[in-house]
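Residue numbers (UniProt numbering): 1 to 388.
The beta-carbon is built from N, C-alpha and C at its ideal position, and this holds for glycine as well.
Quick caveat, the model's predicted, so the values are computed rather than measured.
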């Protein structure tokens, strides 16, 4: 499961952000309007979602490891029995899926606001969620709603076969039963001839005899219907898994064509994410290919050690004809990409610290206070602070 938050330029009654929670398999999204980005408010809404769909084992986010850890700590405080771990930082596949969902949500929400002549986007968010989940997804070959519920989403009787002129007259269940009975009677009258009237009379007399039998088998029919729906859900999930595997293979083939294989010993440039470097640091660090796994993942070494993480071919650029680093000169120590950048940095790596404290930063549990740094504008929102 992944979640992400997007800021809205148009504030709506205090609401400023959209929480997008997505299931990777079904691509089903759940949207919530937030007033702040504090861990407490995000956690409160996540628990509401967990109590509806169940809690995941892994929670993935692109909001930074510290913030995710803070969310998980809040979840433990609010729900002690819950056990969740954070996912790999900056997981490219889940990032791309949620970012595409964010763009779709913004487009659908913009259309809803235009159609309804309203700027209250928080009210339109639920309709946007239904539209997004009901739309066909090319990756899973069906809509997210079908994967989760085993059927297409419905708009009540509007999705039925009843004519529009009859729908306008319906107000109660009795009206619905009368409308269905009248339609069945019309269908029978158009199909029945004088020759089989006697057969109809015989069939009608047997209806009463079958009532008791039908009552006794009603529960069996309900169980059978539940079994059918469950079968459809399982079938749709298998289709989604198969389609996602096919999509991954296609993307891998396209990637191989776009990014040729790099041999061991080749020098490469490895981009450093913004959160892992200061503004004065270089955007890339120089590395050398140490190993290529059977899964076409690359182990990259730097002058300060070997990066513990493996990289796919599209995550770095080859420096053909350049020989700055040699494999034999690389230390055997395992380090993170952030640590490698910090050792090469003139500014001691990441240019700022930020905390997500909820208790006014008065002890060393605060990251900033622990490192003797004053809290700044990037830290906790709308909370009193004793470290300023």
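Range covered by the beta strand (DSSP E) that runs through residue i
| i | result |
| --- | --- |
| residue 32 | 29–34 |
| residue 299 | 298–302 |
| residue 47 | It is not in any beta strand (DSSP E) - residue 47 instead sits in the alpha helix (DSSP H) that spans 39–53. |
| residue 316 | That residue, residue 316, is in no beta strand (DSSP E); it is neither H nor E in DSSP. |
| residue 19 | 15–22 |
| residue 271 | 267–271 |
| residue 397 | One cannot answer for residue 397 here, as it falls past the ends of the chain, which runs 1 to 388. |
| residue 393 | With the chain represented from 1 up to 388, any question about residue 393 goes unanswered, as that position is not in the structure. |
Sub-9 Å separation of residue i and residue j beta-carbons
| i | j | result |
| --- | --- | --- |
| residue 12 | residue 119 | yes |
| residue 256 | residue 270 | no |
| residue 303 | residue 337 | no |
| residue 6 | residue 105 | yes |
| residue 82 | residue 50 | yes |
| residue 122 | residue 33 | yes |
| residue 367 | residue 388 | no |
| residue 102 | residue 20 | yes |
| residue 40 | residue 358 | yes |
| residue 365 | residue 385 | no |
Per-residue burial, residue i [other beta carbons within 10 Å of its own, 16 or more giving buried]
| i | result |
| --- | --- |
| residue 27 | buried |
| residue 30 | buried |
| residue 227 | exposed |
| residue 342 | buried |
| residue 98 | buried |
| residue 246 | exposed |
| residue 10 | exposed |
| residue 43 | buried |
| residue 369 | buried |
| residue 68 | buried |
| residue 154 | exposed |
| residue 1 | buried |
| residue 14 | exposed |
Segment limits, alpha helix (DSSP H) that includes residue i
| i | result |
| --- | --- |
| residue 322 | Where residue 322 is concerned, there is no enclosing alpha helix (DSSP H), given that its DSSP letter is neither H nor E. |
| residue 124 | 121–134 |
| residue 169 | Note, residue 169: premise wrong, no alpha helix (DSSP H); not H, not E. |
| residue 339 | 337–344 |
| residue 148 | 144–149 |
| residue 367 | 367–370 |
Member of the options whose CA lies at the smallest distance from the CA of residue i
| i | options | result |
| --- | --- | --- |
| residue 396 | 280, 304, 264 | Because the chain is modelled from 1 through 388, residue 396 falls outside the range shown and cannot be assessed. |
| residue 133 | 122, 147, 124 | 147 |
| residue 328 | 135, 34, 340, 288 | 288 |
| residue 152 | 232, 100, 126 | 232 |
| residue 335 | 310, 321, 314 | 310 |
| residue 108 | 239, 100, 131 | 131 |
Separation of residue j from residue i, as counted between CA atoms
| i | j | result |
| --- | --- | --- |
| residue 300 | residue 317 | 12 Å |
| residue 236 | residue 61 | 26 Å |
| residue 141 | residue 267 | 40 Å |
| residue 229 | residue 244 | 22 Å |
| residue 333 | residue 284 | 20 Å |
| residue 17 | residue 323 | 47 Å |
| residue 280 | residue 340 | 15 Å |
| residue 207 | residue 169 | Residue placement at residue 207 is flagged as unreliable, the pLDDT there being 48, under the threshold of 50; the coordinate-derived value follows with that caveat. Answer to the nearest angstrom: the Cα atoms are 30 Å apart. |
| residue 126 | residue 71 | 24 Å |
| residue 150 | residue 331 | 54 Å |
| residue 321 | residue 262 | 12 Å |
| residue 80 | residue 48 | 15 Å |
| residue 113 | residue 305 | 53 Å |
beta-carbon residue i near the ligand GTP non-hydrogen atom, thresh 8 Å
| i | result |
| --- | --- |
| residue 151 | Ligands displayed in this structure: none; no statement on the ligand GTP is therefore possible. |
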